[in-house]
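Take a look at the structure below.
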Amino acid sequence: MRKRIISFLCAAATGAATLIGQLIPMKAEALLFTPSTTIQSEAAVLMNLDVGQIVYEKSADLKEMPGQLVQIMTAVIVLENCPDLTAVNITAGEEMYEIFKKDEYPEDLRYANIEAGDTLTAEELMYAMMLTSSVEAAYMLAEHFGGTQDHFADLMNEKAAELEMTNTRYLNGTGLYSARQLTSARDTAKLLAYAMTVPRFENIACANGFTATSTPSTERAEDAWTWKHSNLLVDENDEYYCNGVRGIKTGNSQEGGRCLACKGSRDGNNYLVVTMNAPMEDPEGNSHFYHLDDARNILEWAFVHLSFTDILNENTQLGEVRVRNADEVDYVLVRPTSGYSCIWCDTIDINSVQQISDWKDEVEAPVREGDKLGKVLLKYSGETLAEIDVVASSDVGRSFWKYNLSEIPGFFRSKYLKATWILGIVLSVLYIGACVFFTIRYHEDRKRRAAARAGHLNSQKK
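Note that my numbering has the sequence shown beginning at 4, numbered continuously upward.
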């Protein structure tokens with residue numbers, strides 16, 4: 004009975020270990036690839052939105068001035084604090100225009116024809132901000148939902164900390180110049196990936212155009228509040244047009260260069276691209292939109308050359324392990340518990356991924372299908388892509404005769420046998436000693452009794 008219980012517990016432990024091994028997520032490092040074109044922006048990131056993996060980066064952690072890209076965070080804070088944008092009306096005050104006039108780089112500011120006294124809904128202001136980089140709209144939203152500009156910046160920084168944007172510091176929600184307002188391409192990609200999960204964000208940020216229905220406080224052109232997205236990559240009639248791109252956010256500043264954060268989708272693949280601090284002019288001094296060139300080139304390269312590729316199939320027989328005391332075959336084939344796929348660049352030979360075996364050379368029969376025998380490591384350019392458990396592909400029974408014959412040498416080398424021998428010798432010595440002792444005593448007793456009888460007889464004769 005005891006043997007049955009022990010066997011059951013061992014089997015249960017083995018099964019549990021195998022199941023846990025299969026459930027543990029694979030360790031994977033991000034694979035980075037490089038476009039064939041030169042990227043002019045000082046920093047850039049390409050993230051596959053489907054898996055949240057960065058597949059290209061250039062100076063991704065370099066701190067840059069974000070310009071109007073900060074308005075992405077402004078939009079997130081507003082959306083998370085306002086369940087109904089259409090129910091909130093905000094009126095433009097005089098004071099913000101005085102602030103704008105005093106800005107160190109007034110030419111960096113973008114306006115949406117909103118004047119003091121105009122009342123718009125929060126929804127309309129969101130479209131004005133995200134499509135045109137409207138400084139008035141951003142200021143009005145921050146003031147309304149933060150109470151003050153400084154408190155709204157605190158809310159932005161709290162969210163940045165929550166998203167682990169470690170290279171980011173916000174000072175305002177408008178994008179007004181400050182040398183201390185900094186972020187990085189990686190942090191912006193993190194923020195954008197999160198923003199895409201916030202309800203209504205994508206609909207607003209990716210709209211090609213929008214017309215507000217609120218009435219201006221003074222007479223203005225009929226299309227004064229009709230706004231078009233500033234990202235020219237979405238305009239089919241523009242030379243920069245790129246099929247599959249959706250707007251999100253542009254940013255421009257004299258100190259921070261041209262910036263862009265946008266989404267690109269084609270053939271079921273979705274990407275986010277961030278470019279920061281692109282030159283404002285070409286070598287001849289002419290204005291040039293290098294941020295648009297870079298984003299388009301990166302996305303076109305990704306659409307053509309990047310795809311999900313099977314690196315390891317779960318049915319692949321990776322090798323064999325010797326089995327001691329097997330009943331028939333003396334080996335078992337091993338396979339991975341799961342396959343491994345990742346985003347791969349078709350210009351790189353998939354055979355450059357190394358499969359490094361890390362399993363036992365030999366195991367003892369019996370072996371059950373699914374028993375964990377080790378793992379396989381997938382490596383590329385020195386980086387570990389994944390560690391996957393490998394298991395037996397079939398059962399291998401144990402030979403009764405082989406097993407028992409193999410146990411004979413072990414029996415003679417067994418510490419229990421040595422202990423038995425020692426105990427036997429000790430007991431034998433004790434036994435012999437006892438026999439000698441009692442034999443001597445026996446003879447001594449006989450001598451004493453004989454002497455006693457002799458003395459008694461002598462006394463009778465007298």
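Yeah, the Cβ is synthetic: ideal placement off N, Cα and C, and Gly gets one too.
For V307, three-class secondary structure by DSSP: helix
Quick one: any contact between the region 283-298 and the region 224-233, if contact means 3 or more CB pairs under 8 angstroms? no
From C85 to K162, what distance separates their C-alpha atoms? 16 angstroms
If I346 sits next to L309, beta carbons under 8 angstroms apart, how far is it from one beta carbon to the other, in whole angstroms? 5 angstroms
Can you tell me whether L381 is helix, strand or coil according to DSSP? strand
Rounded distance between the beta-carbons of G259 and N272, thought under 8 angstroms: With 8 angstroms as the limit, N272 and G259 do not qualify as a contact, their Cβ atoms being about 30 angstroms apart.
Assigned secondary structure, I425 (DSSP; H/G/I helix, E/B strand, else coil): helix
Put S355 into one of helix, strand or coil per three-state DSSP. helix
Alpha carbon to alpha carbon, what distance is there between P109 and S181? 13 angstroms
Please classify T442 as buried or exposed, where buried requires at least 16 other C-beta atoms within 10 Å of its C-beta. exposed
Can you tell me the Cβ-Cβ gap for L468 and A215, rounded? I've got them flagged as a contact below 8 angstroms. Outside the modelled stretch of the chain, which goes from 4 to 465, sits residue 468, for which no answer is possible.
Sequence ranges, beta strand (DSSP E) only - wholly within the region 38-80, length at least 3: 46-51 and 56-61
For V332 and L49, the rounded distance between their alpha carbons: 51 angstroms
Residue burial classification, V138 (beta-carbon count within 10 angstroms, cutoff 16): buried
Inter-residue Cα distance where the pair is T221 and L88: 24 angstroms
If you check the beta carbons only, do G70 and C262 fall under 9 angstroms apart? yes
CB contact flag (A395, V337, <9 angstroms): yes
Could you tell me which of R223, M76, E239 and F148 sits nearest to V201, measuring between CA atoms? M76
Please say whether A196 and G373 have beta carbons closer to each other than 9 angstroms? no
Integer-rounded CB distance, given that L376 should sit under 8 angstroms from P339: That belief does not hold up - the Cβ atoms of P339 and L376 are roughly 11 angstroms apart, past 8 angstroms.
Using DSSP bridges, identify the partner residues of F213. W230
Which residues in the same chain have their Cβ closer than 7 angstroms to the Cβ of L166, if we skip the five residues on either side of it in sequence? K193, L194 and Y197
Three-state secondary structure (DSSP) of E107: coil
Whole-angstrom distance between V393 and G18, CA atom to CA atom: Caution is warranted here: a pLDDT of 38 is assigned to G18, below 50, making its placement in the model unreliable, and the coordinate value is therefore given only provisionally. Going from the Cα of G18 to the Cα of V393 covers about 14 angstroms.
Considering only the alpha carbon of each residue, which of E127, G267, V379 and R371 lies closest to S317? Checking the displayed sequence, the identity of residue 317 turns out to be Glu instead of Ser. Checking every option, the nearest Cα to that of E317 belongs to V379.
With a cut-off of 8 angstroms on the beta carbons, I'd call L302 and G267 a contact; round off their distance for me. 4 angstroms
Leaving out five residues on either side along the sequence, give the residues of the same chain with a beta carbon under 7 angstroms from the beta carbon of M99. E139 and Y142
Simplified DSSP assignment, three categories, for T124: strand
N- and C-terminal bounds of the beta strand (DSSP E) containing K266: G260 to R269
Just the C-alpha distance for A95 and A63, rounded to the nearest angstrom, thanks. 37 angstroms
Enclosing alpha helix (DSSP H) for I207 [first to last residue]: F204 to A208
Could you check which residue in L52, N206, V366 and E101 has the C-alpha nearest to that of R127? The sequence shown places Glu at residue 127, not Arg. Checked all of L52, N206, V366 and E101; the closest Cα to E127 is N206.
Closest residue to M68 among G254, L34, Q43 and R223 (Cα-Cα distance): G254
Between which two residues does the alpha helix (DSSP H) carrying V138 extend? V138 to G149
Since V356 and D398 are thought to touch, with beta carbons under 8 angstroms apart, how far apart are those beta carbons, to the nearest angstrom? With a Cβ gap of about 31 angstroms, V356 and D398 do not count as contacting.
Thinking C-beta only, is A115 closer than 9 angstroms to V277? no
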